Amino acid sequence: MATKEYAGKTVNVSEDGYFTDASQWSREVAADMAKEVNLELTETHYKVLEFIRDKYNTGGSLTIRSIGKSGIASIKEFYKLFPGAPLKKATLLAGIPKPASCI
Amino acid sequence: MKKLVILGAGTGGTIMANKMRKTLDRSEWDITIIDQYKTHYYQPGFLFIPFGMYKKKDVIKPKADFIPMGVNFILSKIDKVDGENNKVILEDGVVINYDFLVVSTGVRIVPEETLGMKGNLWHKNVFDFYTIEGSIALGEFFKTWKGGELVLNIADNPIKCPVAPLEFVMFADAFFVERGLRDKVNITFVTPMSGAFTKPRASKVLGNLLKEKNINVIPDFYMEKVDNKGKKIVSYDEKEVPFDCLVTIPVHMGDPLIGRSNLGDDMDFVLTDKYTLQSTKFDNIFVLGDAANIPTSKAGSVVHFAAEVVYENLMCAIEGRPTTAKFDGHSNCYIETGFGKGALIDFNYDTEPLPGSFPFPGIGPFGLLKETRMNHYGKLLFRWIYWHVLLKGKEMPIPSEMYMAGKKLN
Ligand SMILES: Cc1cc2nc3c(=O)[nH]c(=O)nc-3n(C[C@H](O)[C@H](O)[C@H](O)COP(=O)(O)OP(=O)(O)OC[C@H]3O[C@@H](n4cnc5c(N)ncnc54)[C@H](O)[C@@H]3O)c2cc1C
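Chains A and B are the protein sequences, given in the same order.
Under the working numbering, the first residue of the first sequence carries the number 152, and numbering increases by one thereafter.
Under the working numbering, the first residue of the second sequence carries the number 9, and numbering increases by one thereafter.
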């Protein structure tokens with residue numbers, strides 16, 4: 152297993168960069184990770200990340216649509232917040248293990 | 009009298025009614041199954057209808073034919089479940105009590121979730137083939153179509169039978185070749201995933217197959233709307249794909265009764281323990297089939313394997329023992345690839361589809377993750393097995409747990 156340094160903390164990550172232990176996450180860690188993908192996190196970004204972490208912790212399934220239904224950001228806004236591959240970027244920054252792909 | 013109630017008389021509910029009536033003593037247990045419709049549809053057959061290979065009569069039978077003697081069949085829409093008080097409430101207000109409940113209400117397509125999908129082109133140039141109405145309308149359209157841009161699009165995941173869209177485009181390729189129209193039909197497969205399929209090995213094999221058949225793939229396309237006027241689909245990041253004929257797999261959701269009963273997530277899929285197949289909210293509620301939010305395919309083969317786990321665990325619960333069966337997410341799908349050939353994949357929660365042979369290691373007769381004639385016959389045979397073996401809850405010669413024998417790791 153690989154480790155990475157963010158905001159002065161060591162975190163365990165899988166080969167594709169996902170956290171293997173969600174409890175190693177913090178807002179500061181996320182802010183530092185965001186720099187790698189050229190993002191500056193706003194309060195809305197954090198709300199989305201916390202929504203994703205909450206979904207992960209309660210075992211709910213996570214889709215772009217469920218974020219759109221969260222009341223935090225519409226799907227369109229979600230694409231603007233995390234341009235390119237929004238769900239992938241957001242789940243990485245939320246510090247959760249790689250979500251099981253929908254099958 | 010104790011009461012077992014089953015919600016939904018589709019694939020899963022029908023299997024459970026048969027299994028449980030055989031086991032539970034008639035003098036002690038009352039079994040009731042409830043569904044809103046009289047007709048049972050063989051849903052995998054919907055894929056064959058647009059190409060004239062099956063007709064409506066090939067995919068329908070009365071539900072009552074498959075519900076065993078000694079099980080009450082109520083024809084009604086279910087309004088909701090009151091899990092705190094072990095009650096089911098029907099649309100007309102009738103209340104039904106239960107000791108144990110099996111929820112097998114499946115999932116449905118919701119075209120209304122996507123802007124413009126149910127616009128003025130719906131079932132004229134925009135079709136689904138996940139309903140009997142959609143697949144028949146598309147069959148009519150194909151009869152006289154002269155060609156153009158044929159676009160298949162998956163609006164979102166999860167969907168039922170995730171290989172069906174791939175089979176559709178491969179069938180379409182063969183169909184238009186046979187009609188001498190293939191040079192006039194451009195086929196494009198548009199998906200929100202980053203490849204043809206969700207699992208890496210299978211995605212590569214299937215992706216190559218599409219390329220060989222000259223089918224374009226547009227990945228990472230998350231659909232926002234159908235533009236009926238401009239005849240194009242548009243993604244949230246403003247990519248556009250023009251169509252003359254759009255075959256869409258709309259967003260899937262569970263039945264609204266799940267939301268009203270407070271048993272599900274924001275897509276009305278039932279919150280389910282992926283190993284025991286119990287509702288995470290109530291121990292006396294079991295969840296079978298597409299309705300569950302578990303991370304495996306929504307497919308009839310999965311329902312069949314899961315039914316054995318639900319059966320065992322339900323018996324444990326009834327007899328007051330801790331549950332002993334653990335579901336592994338086993339899925340086994342025949343994939344039609346056109347021109348009388350097919351492929352087969354076999355996988356579970358932890359193991360992706362691998363090449364090899366099935367069900368007998370080294371012998372087959374079915375080849376895993378490769379195109380053979382035998383696999384195509386397997387799929388055709390599945391319809392017979394479905395009506396005559398599967399629904400009746402009889403034993404099949406395949407264990408519910410996946411095994412590695414016969415699979416090649418590299
Ligand atoms: C085009 C297509 C191709 C497919 N191909 C394959 C394949 O090749 N192989 C394979 O294994 N699977 C395939 N499938 C999937 C397979 O058909 C389903 O996974 C399976 O039928 C699910 O069974 P189920 O019991 O969970 O739900 P269903 O069989 O859908 O049954 C649900 C039942 O619940 C009832 N219900 C729901 N809500 C209510 C309510 N509020 N009140 C009353 N009744 C209600 C419905 O009327 C329905 O009868 C395919 C599906 C489609 C659409």
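Backbone N, C-alpha and C fix where the C-beta goes; we use that ideal spot for every residue, glycine too.
The structure displayed is predicted, hence computed values, not measured ones.
1. Taking the continuous alpha helix (DSSP H) assigned at L244/A, which residues delimit it?
2. Between the region 270-287 of chain B and chain A, which residues of the former have a C-beta closer than 8 Å to a C-beta of the latter?
3. Can you look up V6/B in the DSSP assignment and give me helix, strand or coil?
4. Give me the Cα-Cα distance between W153/B and A181/A, rounded to the nearest whole angstrom.
5. Whole-angstrom Cβ separation of M24/B and A315/B, contact assumed at under 8 Å?
6. So, using beta-carbon positions, are D66/B and Y45/B closer together than 9 Å?
7. Does any CB atom of chain A fall closer than 9 Å to the CB of D164/B?
8. With a 10 Å radius around its C-beta and 16 neighbouring C-beta atoms as the bar for buried, classify T161/A as buried or exposed.
9. Going by alpha carbons, who is nearest to T309/B out of G20/B, K11/B and M9/B?
10. Output needed for F229/A: all residues of its chain with C-beta closer than 6 Å, excluding positions within five of it in sequence on either side, in chain order.
11. Please name the residues in the region 194-219 of chain A whose beta-carbon is closer than 7 Å to at least one beta-carbon of chain B, in chain order.
12. Quick one: which unbroken alpha helix (DSSP H) runs of 4-plus residues sit fully inside the region 342-398 of chain B? Chain order, please.
13. So M231/B packs on N161/B, CB below 8 Å; how close in whole Å?
14. With a threshold of 9 Å between beta-carbons, can P248/A be considered close to chain B, or not?
15. For S165/A, count neighbouring Cβ atoms within 10 angstroms of its own Cβ and tell me buried if that reaches 16, exposed if not.
16. Taking N340/B as the query, report the chain A residues whose CB atoms sit under 8 Å from its CB, ordered along the chain.
17. Return the first residue and the last residue of the beta strand (DSSP E) that I117/B is part of.
18. Which value, in whole angstroms, describes the spacing of the CA atoms of P250/A and G414/B?
19. Ligand 1 and V171/B: does the residue's C-beta get closer than 8 Å to at least one heavy atom of that ligand?
20. If we define contact as Cβ-Cβ less than 9 Å, is I255/A a contact residue for chain B?
21. Per DSSP, what are the beta-bridge partners of Q286/B in this structure?
22. Name the one or two DSSP bridge partners that F135/B has.
23. Check the Cβ of V311/B against every Cβ in chain A and list those closer than 7 Å, keeping chain order.
24. Using a Cβ cut-off of 9 Å (strictly closer), state whether C253/A contacts chain B.
25. Can a CB atom of chain A be found closer than 9 Å to the CB of P200/B?
26. For ligand 1, is there any heavy atom lying closer than 8 Å to the beta carbon of G101/B?
27. Just checking Y357/B against ligand 1 - is the residue's beta carbon closer than 8 Å to any of the ligand's heavy atoms?
28. Quickly, what does DSSP pair P330/B with across the bridge? List them, please.
29. By DSSP, does C253/A sit in helix, in strand, or in coil?
30. By the three-class DSSP mapping on this structure, what secondary structure does V171/B have?
31. What is the rounded straight-line gap between the Cα of I254/A and the Cα of S305/B?
32. Name, in chain order, the residues that DSSP records as bridge partners for M231/B.
33. Is there contact between the region 86-102 of chain B and the region 201-212 of chain B, where contact requires at least three CB pairs shorter than 8 Å?
34. Any heavy atom of ligand 1 inside 8 Å of the beta-carbon of K69/B?
35. When you measure from the CB of L296/B to every non-hydrogen atom of ligand 1, does any distance come out below 8 Å?
36. Taking all protein chains shown into account, decide if V89/B is buried (16 or more other Cβ within 10 angstroms of its Cβ) or exposed.
Result, derived from the coordinates:
1. Annotation: the continuous alpha helix (DSSP H) that includes L244/A extends over P237 to L244.
2. Look at the region 270-287 of chain B: the residues with a C-beta under 8 Å from a C-beta of chain A are D273, D274, M275, F277 and L279.
3. Lying before the first or after the last residue shown, residue 6/B is absent from chain B, which here runs from 9 to 418.
4. Cα-Cα distance, rounded: 53 Å.
5. In this structure M24/B touches A315/B by the C-beta definition: roughly 6 Å separates them, less than 8 Å.
6. No; because the gap between Cβ atoms is not below 9 Å, this pair is not in contact.
7. By this cut-off, D164/B is an interface position.
8. Exposed is the call here.
9. Checking the sequence shown, residue 309/B turns out to be Ser, not Thr. When the alpha-carbon of S309/B is set against those of G20/B, K11/B and M9/B, the nearest one is in G20/B.
10. Contacts found: I218 and P237.
11. Across the region 194-219 of chain A, CB contacts with chain B closer than 7 Å involve G211, S212, T214, I215, R216 and S217, in sequence order along the chain.
12. Listed in chain order, the alpha helix (DSSP H) runs fully inside the region 342-398 of chain B are 381-393, counting runs of at least 4 residues.
13. About 6 Å; that satisfies the 8 Å criterion.
14. With 9 Å as the cut-off, P248/A does not count as an interface residue toward chain B.
15. S165/A should be labelled exposed.
16. Within 8 Å of the CB of N340/B, no CB atom of chain A is found; the nearest one sits about 13 Å away.
17. Per DSSP, I117/B belongs to the beta strand (DSSP E) from V115 to I117.
18. About 29 Å.
19. It does: the Cβ of V171/B is within 8 Å (strictly closer) of some heavy atom of ligand 1.
20. With chain A running from 152 to 254 in the structure shown, residue 255/A is simply not present.
21. According to DSSP, which records beta bridges pairwise, Q286/B is partnered with F294/B.
22. DSSP links F135/B through a beta bridge to V255/B.
23. Simply none; closest approach about 14 Å.
24. Unreliable positioning characterises C253/A in this predicted model, as indicated by a pLDDT of 48, which lies under 50. A coordinate reading is not provided.
25. Yes, contact with chain A.
26. No; taking the cut-off as 8 Å, the Cβ of G101/B has no heavy atom of ligand 1 nearer than that.
27. Result no, Cβ not under 8 Å from ligand 1.
28. Its beta-bridge partners do not exist; DSSP assigns none.
29. Note that C253/A has pLDDT 48, beneath the 50 cutoff, so the model's placement of it is unreliable and the number below is only indicative. Of the three classes helix, strand and coil, the one that applies to C253/A here is coil, per DSSP.
30. In the structure shown, V171/B sits in coil (DSSP, three-state: anything other than H, G, I, E or B).
31. Only weak support exists for where I254/A lies, its pLDDT of 41 falling under 50; the coordinates are left without a value.
32. In the DSSP assignment, the residues bridged to M231/B are S243/B.
33. No, the region 86-102 of chain B is not in contact with the region 201-212 of chain B.
34. Because no heavy atom of ligand 1 lies under 8 Å away, the Cβ of K69/B does not count as near it: no.
35. Answer for L296/B: yes, Cβ within range of ligand 1.
36. By the neighbour-count rule (16 or more Cβ atoms within 10 Å), V89/B is buried.
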